[in-house]
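Under my numbering, the residue at position 136 of the sequence shown is numbered 140, and the numbers go up by one with no gaps. All C-beta atoms in this analysis are idealised placements derived from N, C-alpha and C, irrespective of residue type, glycine included. As the structure is a prediction and not an experimental result, all values here were calculated from the model. This report concerns only the one structure given below.
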Amino acid sequence: MSRKSKKKQRLKKLLPPPEQLLLDYLTPEWSATRTLCFQSNLHQLTTALLQRNIADTRVDCFSFDKTITSRIQHKCSLIQEEQSLSTEWSTICDSEFPVDDYDAALLPLTQQFSDEYCRDLTLSAAHSLHAGGTLIIASARTKDYEYHKLLRSLFNKVTRIVSDAGIIYQVKKPQDLPERKQLLDELVVREGETLLHACTLPGVFSHRRPNQSARALTNLMELSENATILNVDCGSGIVAFVAATRCPSATVHAIDSNARAVKCTEQGIAKNQLTNVSVELCEEGLGIVPETYDYILTNKSYFNSEEQGEAFLQKSLRALKPGGLLQFSTKQYQWYAHRLLDLFTDVSIDGAVHHFMLSARKPEEEEATDASPFS
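Encoded structure:
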């Protein structure tokens, strides 16, 4: 990366997120009787509107992610304990936007969202409004020719405000808003003589792209019959489907915090007619019974921080039976490899093209592990 590109990346990190762009745009006097806030992260938006405490209004937080809605719900509850609120509120986690008569919807779009995902979110948010309701969008992108063109094709008038941090758009829902298109994608993977089908939606990991990390895991993972298997962050469910097909007498439980991922996995279970796979929507770190599983399978494509990596390994230790095997794929294995040697036994690394599969066994005796440095 050139020096100019590195400087550009540093400057981008200093810019406010789209959620802050929305809050800066909305004057202190701004209000709507019923407002829907889309949240894909924990940046302040719902909580900031709630703290404005405007009488006779309601703010609903919507997210596809159970972890995000639970944490925002906790923050809103704390605000309610600290001050007497005139604003009503709720949190919603689902695979689709609520179809309701909201007066306003706030939609922050990050740089990481694909064009297809932005279109899907825009139409979904607009359909949650009553006719004439206001949709306010904040985009972190500064090059918006295609997206601006899309908005002009959907809405009668588009207000557009450009700044160094991004772009604000404001539109009103017309009577003749087009229906959302079906954006479900299907992929097929061969397991022996069986063709397995998996579905994805925008917002689910590896939508419309080959999931090379999952393929690396399924190619190298070792399983046994009659085992209990946990697939963490299941996404489309393809790893769970392969495990269930390879070991028909095994019991496979898939979990994810993303409601769209759980919906896709449910559809895949039905399409593949798998009776030994179940799926559950779980807040991250919850919903796992200690010392229950013989195997844990997951895809950790991206390494975000040592704290998150440590939480994942400690969660895996709790969930595995003594002697149980953790197997996961990742692009960045160095930190994991060193920490696995502290916590597990029989640590091994298998390389694939740009992806690595790590496996490690939970010690039979608990005292063989070191305490977490983050506890």
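Could you give the distance in angstroms between the alpha-carbon of residue 53 and the alpha-carbon of residue 341?
The residue given as residue 53 occupies position 49 in the sequence shown. The residue given as residue 341 occupies position 337 in the sequence shown. Those two C-alpha atoms are separated by around 44 angstroms.
Beta-carbon spacing of residue 293, residue 258 below 8 angstroms:
Translated into positions along the sequence shown, residue 293 becomes position 289. Translated into positions along the sequence shown, residue 258 becomes position 254. Contact check for residue 293 against residue 258 fails: the beta carbons are separated by 8 angstroms or more.
Which word fits residue 186, buried or exposed, when buried means at least 16 other C-beta atoms lie within 10 angstroms of its C-beta?
Locating residue 186 in the sequence shown gives position 182, where the first residue counts as 1. Counting C-beta atoms within 10 angstroms of its own C-beta, residue 186 has fewer than 16 neighbours from the protein chains shown and is therefore classed as exposed.
Beta-bridge pairing of residue 259 - partner residues as DSSP gives them
For this step, residue 259 is matched to residue 255 along the sequence shown. 236, 284, per the DSSP bridge assignment.
With C-beta atoms as the reference, is residue 41 less than 8 angstroms away from residue 69?
Locating residue 41 in the sequence shown gives position 37, counting from the first residue. Locating residue 69 in the sequence shown gives position 65, counting from the first residue. Using a Cβ distance threshold of 8 angstroms, residue 41 and residue 69 do not count as a contacting pair.
What are the start and end residues of the beta strand (DSSP E) that includes residue 109?
What you label residue 109 is simply residue 105 of the sequence shown in a count that begins at 1. For residue 109, the enclosing beta strand (DSSP E) starts and ends at 106-113.
Going by the DSSP bridge assignment, what does residue 348 pair with across the sheet?
The residue you call residue 348 lines up with position 344 of the sequence shown. DSSP, once it has assigned bridges, lists no residue as partnering residue 348.
Cβ distance (whole Å) where residue 350 is taken to contact residue 328 below 8 angstroms
Translated into the one-based positions of the sequence shown, residue 350 becomes position 346. Translated into the one-based positions of the sequence shown, residue 328 becomes position 324. Contact between residue 350 and residue 328 is absent: CB atoms are separated by about 11 angstroms, not below the 8 angstroms threshold.
Residues near residue 250 by beta carbon distance below 8 angstroms, same chain, minus five either side:
Walking along the sequence shown from the start, residue 250 turns up at place 246. Excluding positions up to five away in sequence, the list reads 195, 196, 227.
Apart from the five residues on each side of it in sequence, which residues of its chain come closer than 7 angstroms, Cβ to Cβ, to residue 231?
Here residue 231 refers to the residue found at position 227 when the sequence shown is read from its first residue. Here residue 231 has 251, 254, 298, 299 as same chain residues with Cβ atoms under 7 angstroms from its own Cβ, once five neighbours each way along the sequence are excluded.
Residue 156 to residue 162 span [Cα, whole Å]
Along the sequence shown, one-based indexing puts residue 156 at 152. Along the sequence shown, one-based indexing puts residue 162 at 158. Distance between the alpha carbons of residue 156 and residue 162: 6 angstroms.
Run through the DSSP bridge pairs and tell me what residue 151 is partnered with.
Sequence index remark: in the sequence shown, residue 151 carries index 147 (1-based). Note: residue 151 sits in no beta bridge, so no partner.
First through last residue of the alpha helix (DSSP H) which encompasses residue 22
Translated into the one-based positions of the sequence shown, residue 22 becomes position 18. 22-29 is the extent of the alpha helix (DSSP H) around residue 22.
Distance CB(residue 43)-CB(residue 72) smaller than 8 angstroms:
To locate residue 43, count along the sequence shown from 1; it is residue 39. To locate residue 72, count along the sequence shown from 1; it is residue 68. In this structure, residue 72 lies closer than 8 angstroms to residue 43 by Cβ.
Do the CB positions of residue 348 and residue 326 come within less than 8 angstroms of each other?
Position 344 of the sequence shown, counted from the first residue, corresponds to residue 348. Position 322 of the sequence shown, counted from the first residue, corresponds to residue 326. Their beta carbons are not under 8 angstroms apart, which means residue 348 does not touch residue 326 by this criterion.
What's the C-alpha gap between residue 273 and residue 279?
Taking the first residue of the sequence shown as position 1, residue 273 is located at position 269. Taking the first residue of the sequence shown as position 1, residue 279 is located at position 275. Between the C-alpha atoms of residue 273 and residue 279 there is a straight-line separation of about 8 angstroms.
Using only the alpha-carbon positions, how far apart do residue 152 and residue 76 sit?
Position 148 of the sequence shown, counting from 1, holds the residue named residue 152. Position 72 of the sequence shown, counting from 1, holds the residue named residue 76. One C-alpha to the other measures close to 31 angstroms.
Distance CB(residue 233)-CB(residue 220) smaller than 8 angstroms:
Counted from its first residue, the sequence shown places residue 233 at position 229. Counted from its first residue, the sequence shown places residue 220 at position 216. The Cβ-Cβ distance between residue 233 and residue 220 does not fall below 8 angstroms.
Using CA atoms only, rank isn't needed, just tell me which of 236, 36, 129, 58 is closest to residue 332.
What you label residue 332 is simply residue 328 of the sequence shown in a count that begins at 1. Checking every option, the nearest Cα to that of residue 332 belongs to 236.
Cross-strand partners of residue 301 (DSSP beta bridge):
Numbered from 1 along the sequence shown, position 297 holds the residue referred to as residue 301. DSSP lists 235, 331 as partners of residue 301.
If you reduce the DSSP assignment to three classes, tell me which class residue 96 lands in.
Reading the sequence shown from its first residue, position 92 is the one you call residue 96. Under the three-state reduction of DSSP, residue 96 is assigned to strand.
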